[in-house]
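So the number in our numbering is just where the residue sits in the sequence shown, counting from 1, plus 47. The beta carbon of each residue, even a glycine, is placed where N, CA and C say it ideally should be.
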Amino acid sequence: MTPTLRGRWQTRLFLLLTVGIGISAIFGLLYRDFQAVFSLLGYIFVLGVVWDVLYFSLQSRRWDHDWSPALYFVSAVWEVVALLFLIKWVRLPGVPPQFGVWKLIFYFGAVWICSMGVAFGPMRIIFPRWRFWGGQWF
């Protein structure tokens with residue numbers, strides 16, 4: 048599958064609204080801070096939409112115009128590093144600056160692993176046409 052930019056955005060939104068909300072609810076209970084966790088989910092989406100423009104540009108330069116699973120992992124590392132920077136030095140609203148690094152890494156990792164698991168597994172079975180339309184729903 049060669050996703051389009053619009054397809055990447057739609058897939059990201061779908062996964063964060065389904066998988067991301069469920070994982071965030073669990074981490075909200077664990078951390079006893081729903082505001083920070085759900086704010087982070089919103090920032091993950093916004094930051095991801097911005098990153099997707101760069102990812103799409105890089106992807107279009109690859110010979111197969113696709114993004115390998117190893118590069119998904121690299122992109123996740125960049126996203127969490129950027130999020131850490133924004134939390135610690137820019138002070139994102141809704142997320143306390145003392146929000147722990149390990150808390151963020153575990154939360155982001157859980158959202159990322161579960162989202163990728165759904166995207167590479169059940170989503171391809173439940174929505175077979177999604178794969179052939181470049182990831183676009185509409």
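Starting from Asp80 and walking both ways along the alpha helix (DSSP H), at which residues does that stretch end?
-> Asp80 -> no alpha helix (DSSP H), and no H or E assigned at all.
What distance in whole Å lies between the Cβ atoms of Ala83 and Val142, which are believed to be in contact at a cut-off of 8 Å?
-> Yes, they are in contact, since the Cβ atoms of Val142 and Ala83 sit about 5 Å apart, within 8 Å.
Arg171 - containing alpha helix (DSSP H), residue span = In this chain, the alpha helix (DSSP H) harbouring Arg171 covers 169-173.
Verify the contact flag: Met163, CB atom, against every heavy atom of the ligand MG, threshold strictly below 7 Å.
-> Summarising the ligand content, the structure contains no ligands, and the ligand MG is consequently not present.
Taking the continuous alpha helix (DSSP H) assigned at Val127, which residues delimit it?
-> Run containing Val127: 116-132, per the alpha helix (DSSP H) assignment.
What's the C-alpha gap between Ala123 and Leu130?
-> For Ala123 and Leu130, the gap between their C-alpha atoms comes out near 10 Å.
Proximity to Phe120 [Cα-Cα], best of Gly147, Phe155, Phe174 = Closest option to Phe120, Cα to Cα, is Phe155.
Terminal residues of the continuous alpha helix (DSSP H) containing Gln57?
-> Under the DSSP assignment, Gln57 falls in the alpha helix (DSSP H) whose first and last residues are 52-62.
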